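Asks: Sharing a structure, written as structure tokens. Questions coming.
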Amino acid sequence: MKGLIAFLMAAFIAGLLSNARVAYAEPGVPNPLRIGSEGYYPPFNFVDQSGQLKGFDIDIAMALCERLKVECKLLAQDWDGIIPALLAGKYDAIVASMSITDERKKVVSFTDKYYSNKVRFVAAKGGGFDPGKLDGKTIGTQRATIAANWLAKNAGGAKVKLYDKQTDAYLDLAARRLDAIFADGLVLHEWLKTKAGAGFEMVGDAYELDEGIGIAVRKEDNVLRQRLNAALAAMLADGTYATINARYFPFSIY
Amino acid sequence: MLLGFGAQLAAGTLVTVGLAVASLAGGLLLGIAGAAARMSRRRLLRTAAQAYTTAVRGVPELLVILIVYFGASAAVGRVAALFGVTGFFELNPFLAGVAALSLTFGAYAAEVLRGAFLAVPPGQTEAAYSLGLTRARVFSHVLLPQVWRTALPGLGNLFLVLLKDTSLVSVVGLDEIMRKSALAVSYTQQPFTFYLAAAFIYLAMTAVSMAGIQVLERRAARGMEWSG
Amino acid sequence: MMAALHGMAAESTAQLLAGAWLTMQLTALAMLVGTTLAFPLALMRTSRHGWLRAPAYGYVFFFRGTPLLVQIFLVYYGLAQFEAIRDGFLWPVLSEAYWCAIIAFSLNTAAYTAEILRGGMMAVPLGEREAARALGFSRWQEIRLIVLPRAVRQALPAYGNEVILMLKGSALASTITLLELTGVARTLIARTYLAVEFFALAGLIYLLLTLLIVRGVRLLERRWALPGQAIETVPGTRHGDLLA
Chain A
1273 MKGLIAFLMA AFIAGLLSNA RVAYAEPGVP NPLRIGSEGY YPPFNFVDQS GQLKGFDIDI
1333 AMALCERLKV ECKLLAQDWD GIIPALLAGK YDAIVASMSI TDERKKVVSF TDKYYSNKVR
1393 FVAAKGGGFD PGKLDGKTIG TQRATIAANW LAKNAGGAKV KLYDKQTDAY LDLAARRLDA
1453 IFADGLVLHE WLKTKAGAGF EMVGDAYELD EGIGIAVRKE DNVLRQRLNA ALAAMLADGT
1513 YATINARYFP FSIY
Chain B
1430 MLLGFGAQLA AGTLVTVGLA VASLAGGLLL GIAGAAARMS RRRLLRTAAQ AYTTAVRGVP
1490 ELLVILIVYF GASAAVGRVA ALFGVTGFFE LNPFLAGVAA LSLTFGAYAA EVLRGAFLAV
1550 PPGQTEAAYS LGLTRARVFS HVLLPQVWRT ALPGLGNLFL VLLKDTSLVS VVGLDEIMRK
1610 SALAVSYTQQ PFTFYLAAAF IYLAMTAVSM AGIQVLERRA ARGMEWSG
Chain C
288 MMAALHGMAA ESTAQLLAGA WLTMQLTALA MLVGTTLAFP LALMRTSRHG WLRAPAYGYV
348 FFFRGTPLLV QIFLVYYGLA QFEAIRDGFL WPVLSEAYWC AIIAFSLNTA AYTAEILRGG
408 MMAVPLGERE AARALGFSRW QEIRLIVLPR AVRQALPAYG NEVILMLKGS ALASTITLLE
468 LTGVARTLIA RTYLAVEFFA LAGLIYLLLT LLIVRGVRLL ERRWALPGQA IETVPGTRHG
528 DLLA
């Protein structure tokens, strides 16, 4: 019995030691550079049958690491905890299609934008959905996004449903639980191409609600931010960015 | 199989099993410590243990996991700062899951174990003391083997609960069965297929665990030999 | 600045309270429906007929052998995958996240409560049942007048635990867009990034609700106690005597 307890204790501590590590914050670029992303946001970040994170965000992150000559360590995090986890030191940068907004700038710093986006409504084809008349409508959007903030301020009469994952909102739109989804136009564009999205279309104007999509880092990591900016600029200049862009979109999204 | 996601679900199953076994080990330790503290002669220990079991048993497991995941790094960081060590203590999703599920398992196990300890006739302890055995010896050679037998059914049930609670660790990004299924759902947009597949994997693991617990119970009930 | 902070605090508090109210509703409704389902299930589980026992066993095994999270996803997202269900007469109910949560929680707690009841029924002394039969009670009368009242009293402490487990389980409703206590906490965190603070605050409210339930169950126990019946709660034994 004593042996069993000793064994359990040893196994537990061994587990702790093998997993824990103290990462000292140091000026500059940590190596490996730990990148936080999500995985439910095709085509920017998603996981296919290989089990690996893929997509535009991931390609950008990998190219940045290559240029900074550091190893990239990708970590997945559900969206609504993605900033708290950065602040808690789970990773060093968020490359997950995050909009640059004043509200977020209060807690994190952003690099320059790495693509631009506009927020759109998607609703059933010929369903007569009117973005000007949201009262009484059920609108789906992802929690903790600029789209959710906009709806909270501008759609008081609508029933707003908040999803943990963008792709769960698609399921509910396809099941007709929602009248419309309000989300990033590029992401919706991708979904409309799928079989499930066939009966739906973009409706109304495109809303510009942010200053583009950037990489978020902790406020004190100014050096990291500057190095990432320099690497981004270089990728834009030498065509690396255009190559990645072309893998996902036939037009420039910068 | 499963639209090409079969291998991913299998990989997730391994992570779930690892998480459950590690949490069982941690939880048993906490449970034994908690039970001992509940029965301690020191009032402070008793109160602390009581507070621990009450708090953990009254807060949803989902929140325990989230609080540990987001809070532990900061807490450890603050303690480390006292010793002049700055920087981040990284608690990855697996470890956060093990810590949170151990805390939960431990709180319930403490109660089960305490009940089992109290079920041992006091005469036995007294007899052991009068034979000159030390407190530690009495604990490990007289009490524990009997407690083990009495507590086993309760602990077995707790393990089955733990096994299902591992699914909650998916919210902090651990690639166990539930998250693997959710990723597959996200990619294929076929929720029923993958959540049902996940359900059957959990059922299979439950069935295997139940069989294992039964074997253990039968062995513990066999004769009255001293193990240890 | 201070005024803005105060306004924010007041708004957050109001939202958390609204969330707590929804949590209580979900728990109470799920327990009501689940307990109602549990009685026939427990009777089936203890039936003399195999064709009644088998489906009840399968039901209990499925709902106790899979995580509640899987069950709630299956009901909410899973069922909606099928055209037939989306066109079916149940869709007005199944299209609502609220009712999907109630359905998943009720089905889940029914399985556990049935086992608790079954445990209570097995604990009824055989002599009492024999006496009922000797008095010429029909089997149904014996169950309704002798076995069940006694079993319910016997099962009360374990049932109290089940209510608490349901309360805690209801946090999962936040994963299907419901803004109950946990959902509200997550939404507030999305705005403030104070993850630990709001999760801990929500946790504290759950703890308070738990203590209220414990109080209530103790009161009931005292009121319903049989003379000489020792009441000993064994916490953590949700599975009861596991599918013996």
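Top to bottom, those sequences are chains A, B and C. Taking my numbering, the leading residue of the first sequence gets 1273, the next gets one more, and so forth. Taking my numbering, the leading residue of the second sequence gets 1430, the next gets one more, and so forth. Taking my numbering, the leading residue of the third sequence gets 288, the next gets one more, and so forth. We put the beta carbon where it would ideally sit given N, CA and C, even for glycine. This one's a predicted model, so the numbers in the text were calculated from it and none came from an experiment.
Identify the contact partners of S382 (chain C) in chain A, using a Cβ-Cβ distance below 7 Å as the criterion.
Replies: Those are R1449, listed as they occur along chain A.
Asks: Please confirm if S1469 (chain B) has its CB atom under 8 Å from at least one CB of chain A.
Replies: So no, S1469 (chain B) is outside the interface.
Asks: Below 8 Å between beta carbons: does that hold for A1488 (chain A) and F1318 (chain A)?
Replies: Result no, Cβ atoms of A1488 (chain A) and F1318 (chain A) do not sit closer than 8 Å.
Asks: Go through the segment 1294-1342 of chain A residue by residue and report every complete run of the beta strand (DSSP E) that reaches 3 residues or more, in order.
Replies: The segment 1294-1342 of chain A contains these whole beta strand (DSSP E) runs: 1305-1309 and 1317-1319.
Asks: Starting from the C-beta of L1325 (chain A), find all residues in its chain whose C-beta is less than 7 Å away, skip the five residues before and the five after it, and write them out in chain order.
Replies: Here the set comprises S1309, G1311, N1317, V1319, L1346 and A1348.
Asks: Any idea which residues DSSP pairs R1392 (chain A) with across the strands?
Replies: DSSP lists A:A1455 as partners of R1392 (chain A).
Asks: If we call anything under 8 Å between Cβ atoms a contact, is V1576 (chain B) one with V1549 (chain B)?
Replies: Yes, they are a contact pair.
Asks: What number of angstroms, rounded off, separates the C-alpha of A388 (chain C) from the C-alpha of I463 (chain C)?
Replies: Taking the straight line from one Cα to the other gives about 8 Å.
Asks: With a threshold of 16 other CB atoms inside 10 Å of the CB of V380 (chain C), please say whether the residue is buried or exposed.
Replies: So V380 (chain C) ends up on the exposed side.
Asks: Excluding sequence positions up to five away, which residues of its chain have a Cβ less than 8 Å from the Cβ of A1478 (chain A)?
Replies: Closer than 8 Å at the Cβ level, and outside the excluded window around A1478 (chain A), lie K1390, V1391, R1392 and G1457.
Asks: What separation, rounded to the nearest whole angstrom, lies between the Cα atoms of E1480 (chain A) and L1431 (chain B)?
Replies: Between E1480 (chain A) and L1431 (chain B), the C-alpha separation is close to 40 Å.
Asks: According to DSSP, simplified to helix, strand and coil, what is Y1520 (chain A)?
Replies: Of the three classes helix, strand and coil, the one that applies to Y1520 (chain A) here is helix, per DSSP.
Asks: Assuming A1626 (chain B) contacts L1495 (chain B) (C-beta within less than 8 Å), just tell me the rounded distance between them.
Replies: Actually they do not touch by this definition, with Cβ atoms about 26 Å apart.
Asks: Chain C partners of S1596 (chain B), CB-CB under 7 Å?
Replies: What S1596 (chain B) touches in chain C: P354, L356 and V357.
Asks: Compute the Euclidean distance between the alpha carbons of A1545 (chain B) and T323 (chain C), then round it to the nearest angstrom.
Replies: Using only the alpha carbons, I get a separation of about 33 Å.
Asks: Can you round the beta-carbon distance between T1595 (chain B) and L1530 (chain B) to whole angstroms, since I take them to be within the 8 Å contact cut?
Replies: Indeed, because the Cβ distance is near 7 Å, the residues count as touching under 8 Å.
Asks: In whole angstroms, what separates the C-alpha of T1579 (chain B) from that of V1379 (chain A)?
Replies: Going from the Cα of T1579 (chain B) to the Cα of V1379 (chain A) covers about 53 Å.
Asks: Beta-carbon within less than 6 Å of V1294 (chain A)'s beta-carbon, same chain only, minus the 5 sequence neighbours each way: which residues are those?
Replies: Any reading at V1294 (chain A) must be qualified, since the residue scores a pLDDT of 40, below 50, and its modelled position is unreliable; the value itself is stated next. So the list is empty, once near-sequence residues are dropped.
Asks: How many Å lie between T1476 (chain B) and R1564 (chain B) at the Cα?
Replies: When rounded, the distance between both Cα atoms is 22 Å.
Asks: Between T497 (chain C) and chain B, is there a C-beta pair that is closer than 8 Å?
Replies: Yes, T497 (chain C) counts as interfacial toward chain B.
Asks: Excluding the 5 residues flanking M408 (chain C) on each side, which residues of the same chain have their C-beta closer than 7 Å to its C-beta?
Replies: A329, T333, V434 and A438, listed in sequence order.
Asks: Per DSSP, K1385 (chain A) forms a beta bridge with which residues?
Replies: DSSP lists A:G1486 as partners of K1385 (chain A).
Asks: Can you give me the start and stop residues for the beta strand (DSSP E) that K1433 (chain A) sits inside?
Replies: K1431 to Y1435 is the extent of the beta strand (DSSP E) around K1433 (chain A).
Asks: Nearest by alpha-carbon distance to I1461 (chain B): which of B:S1569, B:A1525, B:A1451 and B:L1632 is it?
Replies: If we check each option's Cα against that of I1461 (chain B), B:S1569 comes out closest.
Asks: Are the beta-carbon atoms belonging to F1328 (chain A) and Y1526 (chain A) less than 8 Å from one another?
Replies: No, Cβ-Cβ distance for F1328 (chain A) and Y1526 (chain A) is not below 8 Å.
Asks: Please report the straight-line C-alpha distance between W308 (chain C) and E383 (chain C), rounded to a whole angstrom.
Replies: C-alpha separation (whole angstroms): 18 Å.
Asks: Would you check if the segment 1457-1471 of chain A and the segment 482-497 of chain C touch, i.e. whether three or more CB-CB distances between them fall below 8 Å?
Replies: No, the segment 482-497 of chain C is not in contact with the segment 1457-1471 of chain A.
Asks: Can you tell me whether T1417 (chain A) is helix, strand or coil according to DSSP?
Replies: If DSSP states are grouped into helix, strand and coil, T1417 (chain A) belongs with coil.
Asks: Are the beta-carbon atoms of M1634 (chain B) and L1592 (chain B) separated by less than 8 Å?
Replies: Yes, they are a contact pair.
Asks: Quick check: I1355 (chain A) and G1486 (chain A), are their CB atoms within less than 8 Å of each other?
Replies: Against a cut-off of 8 Å, the Cβ pair of G1486 (chain A) and I1355 (chain A) comes out as no contact.
Asks: When the cut-off is 8 Å and only beta carbons count, does K1609 (chain B) lie next to chain C?
Replies: No, K1609 (chain B) lies away from the interface with chain C (no Cβ there is under 8 Å from its Cβ).
Asks: Where does D1444 (chain A) land, buried or exposed, given buried means 16+ other C-beta within 10 angstroms?
Replies: D1444 (chain A) is buried by the Cβ-count criterion.
Asks: Would you say L1625 (chain B) lies against chain A (beta-carbon separation less than 8 Å)?
Replies: No, its Cβ sits nowhere closer than 8 Å to a Cβ of chain A.
Asks: Can you give, in chain order, each stretch of the alpha helix (DSSP H) that sits fully within the segment 1521-1550 of chain B and has at least 4 residues?
Replies: You should have 1522-1547.
Asks: Name the chain C residues whose beta carbon is nearer than 7 Å to that of G1526 (chain B)?
Replies: The premise fails here: G1526 (chain B) is roughly 14 Å from chain C at the closest Cβ pair, so nothing lies under 7 Å.
Asks: When the Cα atoms are used, what is the spatial distance from R1471 (chain B) to A1465 (chain B)?
Replies: Between R1471 (chain B) and A1465 (chain B), the C-alpha separation is close to 11 Å.
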